[in-house]
Amino acid sequence: MLRLLQYIVILTIVNFVVSASLDPPPQPMKTITPFTAQLVTFTTTLPVGEVIARLDVEVNKTGSAGFTSQMKAVTNKTDIENVINPIVGDRDFLYFLEFNHNPWLNAFNGVNNTPVTVVYTIGNPLVAQTIMQYDLRSGYNIPPRLLVLENADHNGTSVIYHLPSSVMALTDNPDLKAAAVALDEKLDKMVTKITTV
Numbered sequence: 386m387l388r389l390l391q392y393i394v395i396l397t398i399v400n401f402v403v404s405a406s407l408d409p410p411p412q413p414m415k416t417i418t419p420f421t422a423q424l425v426t427f428t429t430t431l432p433v434g435e436v437i438a439r440l441d442v443e444v445n446k447t448g449s450a451g452f453t454s455q456m457k458a459v460t461n462k463t464d465i466e467n468v469i470n471p472i473v474g475d476r477d478f479l480y481f482l483e484f485n486h487n488p489w490l491n492a493f494n495g496v497n498n499t500p501v502t503v504v505y506t507i508g509n510p511l512v513a514q515t516i517m518q519y520d521l522r523s524g525y526n527i528p529p530r531l532l533v534l535e536n537a538d539h540n541g542t543s544v545i546y547h548l549p550s551s552v553m554a555l556t557d558n559p560d561l562k563a564a565a566v567a568l569d570e571k572l573d574k575m576v577t578k579i580t581t582v
């Protein structure tokens, strides 16, 4: 009788282990959040080189060098402010990086006349936190990017970006919306400055 009981217990355990291992693992959940992005385009008769030179000044491209490595060593809010504030000064943004599309497009297409097409990533962690404190998903679009695009005829330039409040404020939170609109205004002010003739 004892052996029969042991046999039943062993079969029950084996059956449980086998059935548990055959259960499919839980599947990831997918959601799609609709939103309407707004694309802002500033056009100017200024040559692309002038617009880029002005942008480099506005984001302190030279002074921003190495700030990301400094950010790796921060441990508190004061450390972050001590890294960012001297770079930004009286402006709103600093330079993260840029990607020039026209050189590789020239090479790929065997030409040398692709209009200058440069994506700048700019931002300011002190501004970013005013938005991200309300919704971390906004970090997908932080830091913001600007496309500096030379006109096809090589006369004039466009500066294009997503309106931050249209891609960062994904909820009805009024504080989040206000912070994103404040970033809209900062970008508008800077791009107006670099494109004004």
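So the mapping is simple: this note's numbering equals the position in the sequence shown, first residue as 1, plus 385. Don't be surprised by glycine CBs; every beta carbon is placed ideally from N, CA and C.
Subject >> Proximity below 9 angstroms, CB of Phe-478 to CB of Gly-508 >> reply: The count along the sequence shown starts at 1 and reaches residue 478 at position 93. The count along the sequence shown starts at 1 and reaches residue 508 at position 123. The criterion of a C-beta distance shorter than 9 angstroms is satisfied by Phe-478 and Gly-508.
Original post:
Given Thr-592, which residues of its chain have a CB within under 7 angstroms of its CB, disregarding the five upstream and five downstream residues?
Top reply: Residue 592 is absent from the structure shown; the chain starts at 386 and stops at 582.
Original post:
Quick one: what does DSSP say Thr-580 is sitting in, helix, strand or coil?
Top reply: Taking the first residue of the sequence shown as 1, we reach residue 580 at position 195. Here Thr-580 sits in helix by DSSP.
Original post:
What's the gap between the Cα of Leu-555 and the Cα of Lys-462?
Top reply: Stepping through the sequence shown from its first residue, residue 555 is reached at position 170. Stepping through the sequence shown from its first residue, residue 462 is reached at position 77. When rounded, the distance between both Cα atoms is 26 angstroms.
Original post:
Mind checking whether Tyr-525 and Asn-558 have CB atoms under 9 angstroms apart?
Top reply: Position 140 of the sequence shown holds residue 525. Position 173 of the sequence shown holds residue 558. No, they are not a contact pair.
Subject >> As assigned by DSSP and simplified to three states, the class of Asn-498 >> reply: Counting from one through the sequence shown, the residue named residue 498 turns up at place 113. Three-state DSSP puts Asn-498 in coil, outside helix and strand.
Original post:
Can you tell me the Cα-Cα spacing of Ile-472 and Asp-560, whole angstroms?
Top reply: Taking the sequence shown and counting its residues from 1, one reaches residue 472 at position 87. Taking the sequence shown and counting its residues from 1, one reaches residue 560 at position 175. Rounded to whole angstroms, Ile-472 to Asp-560 spans 27 angstroms at the Cα level.
**OP:** Using three-state DSSP, classify Leu-534 as helix, strand or coil.
**Re:** Locating residue 534 in the sequence shown gives position 149, counting from the first residue. Residue state, collapsed to three classes: strand.
**OP:** State the DSSP-derived secondary structure class of His-486, mapped to helix, strand or coil.
**Re:** For the purposes of this step, residue 486 is taken as the residue at position 101 of the sequence shown. Three-state result, His-486: helix.
Original post:
From Asn-494 to Asp-464, what does the alpha carbon distance come to, in whole angstroms?
Top reply: For the purposes of this step, residue 494 is identified with residue 109 of the sequence shown, where counting begins at 1. For the purposes of this step, residue 464 is identified with residue 79 of the sequence shown, where counting begins at 1. In this structure, the CA atom of Asn-494 is about 47 angstroms from the CA atom of Asp-464.
Original post:
Hey, quick one: how far does the alpha helix (DSSP H) through Val-468 stretch, first residue to last?
Top reply: For the purposes of this step, residue 468 is taken as the residue at position 83 of the sequence shown. Segment 462 to 473, the alpha helix (DSSP H) holding Val-468.
Subject >> Three or more C-beta pairs below 8 angstroms linking the segment 483 to 499 and the segment 452 to 460 >> reply: no
Subject >> Close beta carbons around Leu-424, own chain, < 8 angstroms, minus the five adjacent residues each side >> reply: Within the sequence shown, residue 424 is the residue found at index 39, counting from 1. Answer for Leu-424: Ile-545, Tyr-546, His-547, Leu-548, listed in chain order.
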